[in-house]
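Peer 1: Numbering-wise (numbering that gives the first Met the number 0), the sequence shown opens with residue 0 and increments by one.
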Amino acid sequence: MKSVSITALKTAIKNDSCIIDVRENFEYNMGHVPTAKNIPLSELEARFQEITPGSYLICQSGHRSMTACDYLASQHIEVINVIGGTSAWDLPLEQ
0 MKSVSITALK TAIKNDSCII DVRENFEYNM GHVPTAKNIP LSELEARFQE
50 ITPGSYLICQ SGHRSMTACD YLASQHIEVI NVIGGTSAWD LPLEQ
């Protein structure tokens, strides 16, 4: 599994990369990284087909996104984990 820093995620956002926030809906609604789509970890098994290879997965700290990356790898979908999650994000979050 590939993992990247928040700095790399900022570059990915500028390049219109797909960002998936795997936190629960209520967490996402409190604030999320710009352009991120919400697919909660609890819904991932039912919705994994919505995720394209090469997407960046983020959560609050990086643990749930790592779990999601592992699951997606088992489904032959290679994605990228964001280390530190939204806790490491130092720019404003969208609501």
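Every residue gets a Cβ at the ideal spot worked out from N, C-alpha and C, and that includes glycine.
Does DSSP classify I12 as helix, strand or coil?
Peer 2: helix
Peer 1: How many Å lie between D89 and Y27 at the Cα?
Peer 2: Going by the C-alpha atoms only, they are around 16 Å apart.
Peer 1: On a Cα-Cα basis, can you pick out the residue from H31, P39 and Q59 that is closest to I50?
Peer 2: P39
Peer 1: My guess is that G53 and V81 are in contact by the Cβ rule of under 8 Å, so how many angstroms apart are they, rounded?
Peer 2: The Cβ separation is near 13 Å, so there is no contact.
Peer 1: Alpha carbon to alpha carbon, how far is G83 from T6? Give it in angstroms, no decimals.
Peer 2: In this model, T6 and G83 are separated by some 11 Å (Cα to Cα).
Peer 1: Please list the terminal residues of the continuous alpha helix (DSSP H) segment that includes L71.
Peer 2: H62 to S73
Peer 1: Any idea what DSSP makes of E93, helix, strand or coil?
Peer 2: strand
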